[in-house]
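In the numbering used here, the protein residues as written are 6 to 175.
Cβ coordinates follow ideal geometry from the N, Cα and C atoms, glycine included.
None of the values given here were measured: they were computed from a predicted structure.
The structure under discussion appears below in the form of structure tokens.
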């Protein structure tokens, strides 16, 4: 009987430990930390600091590309921002888009596609140029205020541009 009670007690401790690990694991406690690194009159580009990883000349991150107004497409879909998984070659100044998720103005995912699985050169002066500099730079991560909601990050950048009398075309 004592053996059975001991087994039940051990099983209960194991279950409670496993449940605690699931409920309070770092992966679930960790939220997103979107920081805008560049913008132009039409859009803002940012990176999730928690997703950033670097190895030698390569940097990988979740990238946010948000427009200041909804983009309407011929198929009737409306997209406000994109989140893509990107691989940057810091030395060659190229990027490879792995996956792309499309979101509407409410933050609801309206589509998902495979990215272009080829290296594309990053054009100097573009939003992606600023992203490359941010993820490949000497700092551990891009600086600036972070947001757990990607749409909020885009909206705050739009507000910052308006307050600074910078052009916003949409």
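Residue 84 places its beta carbon less than 7 Å from that of residue 76. In the three-state reduction of the DSSP assignment, residue 134 falls in the helix class. The beta carbon of residue 133 is closer than 8 Å to those of 50, 100 and 127 in its chain, skipping five residues each way along the sequence. For residue 126, the secondary structure class from DSSP, reduced to helix, strand or coil, is strand. Residue 106 sits close to residue 114, with the two beta carbons spaced by under 7 Å. Exclusion of the five residues before and after residue 42 leaves 50, 51, 52, 135, 136, 139 and 147 as the residues of its chain whose Cβ lies within less than 7 Å of its Cβ. For residue 143, no beta strand (DSSP E) segment is defined, and its DSSP state is neither H nor E.
Shown here for residue 117: same chain residues with a beta carbon closer than 6 Å to its own, the five before and five after excluded, namely 106 in chain order.
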